[in-house]
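One structure below.
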Amino acid sequence: MWVERARAELARTNVGTNNTVDLTPSEQRVAELAAAGMTNRDIAAKLFISVKTVEANLTQIYRKPGVRSRAALGRTMAPPA
Numbered sequence: 001m002w003v004e005r006a007r008a009e010l011a012r013t014n015v016g017t018n019n020t021v022d023l024t025p026s027e028q029r030v031a032e033l034a035a036a037g038m039t040n041r042d043i044a045a046k047l048f049i050s051v052k053t054v055e056a057n058l059t060q061i062y063r064k065p066g067v068r069s070r071a072a073l074g075r076t077m078a079p080p081a
């Protein structure tokens with residue numbers, strides 16, 4: 001699965017503070033949609049959660065792999081080429 005590949009790549013490149021991406025299932029769903037380019041509003045509508053919940057999840061997501069933007073999140077979450 002691409003999550004394992006992402007973890008391996010993070011470990012290999014020393015990205016993040018602990019070199020792993022341990023996301024909760026909720027954070028994982030939000031991360032996948034954000035990395036795919038969806039807006040916070042679209043993510044909230046798709047997952048039946050509030051925009052504030054999406055924002056809170058993204059704050060935690062960005063902190064875990066040490067990324068600062070959706071573009072960096074997309075690169076972190078993408079399977080290796």
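If you're matching positions, the sequence shown starts at 1 in the UniProt record's numbering and goes up one per residue. Where a beta carbon is used, it is the ideal one built from N, C-alpha and C, also for glycine. Computed from a predicted model, the values in this text were never measured in an experiment.
Point to revise | DSSP-derived helix/strand/coil call for Ile49 | key: Along the sequence shown, read from residue 1 onward, the residue named residue 49 stands at position 49. Reduced to three states, the DSSP call for Ile49 is coil.
Check your understanding: By a C-beta neighbour count over all protein chains shown, 10 Å radius and 16 as the cutoff for buried, is Ala71 buried or exposed?
Key -> By one-based count along the sequence shown, residue 71 stands at place 71. The residue is exposed, with fewer than 16 neighbouring Cβ atoms inside 10 Å.
**Study point:** Under the three-state DSSP convention, the category Ala72 falls into
**Key:** Counting from 1 along the sequence shown, the entry for residue 72 is found at position 72. Looking at Ala72 - three-state DSSP - the assignment turns out to be helix.
Exercise for review: Name the residue from Asn40, Gly66, Thr53, Met38 whose alpha carbon lies nearest to the alpha carbon of Ser26.
Suggested key: Reading the sequence shown from its first residue, position 26 is the one you call residue 26. When each option's Cα is compared against that of Ser26, the closest is Thr53.
Exercise for review: For the alpha helix (DSSP H) containing Val30, list its first residue and its last residue.
Suggested key: Position 30 of the sequence shown, counting from 1, holds the residue named residue 30. 25-35 is the span of the alpha helix (DSSP H), which, as asked, contains Val30.
Review point. Would you say Lys46 reaches chain C, if we count a Cβ-Cβ gap shorter than 8 Å as a contact?
Key: The chain labelled as chain C is not found in the depicted structure, where only one protein chain is given.
Review point. In whole angstroms, what separates the C-alpha of Thr66 from that of Arg75?
Key: Numbered from 1 along the sequence shown, position 66 holds the residue referred to as residue 66. Numbered from 1 along the sequence shown, position 75 holds the residue referred to as residue 75. Per the sequence presented here, residue 66 reads as Gly, with Thr not at that position. The alpha-carbon atoms of Gly66 and Arg75 are separated by roughly 12 Å.
Check your understanding: Helix, strand or coil for Asp22 per DSSP?
Key -> Stepping through the sequence shown from its first residue, residue 22 is reached at position 22. Three-state DSSP puts Asp22 in coil, outside helix and strand.
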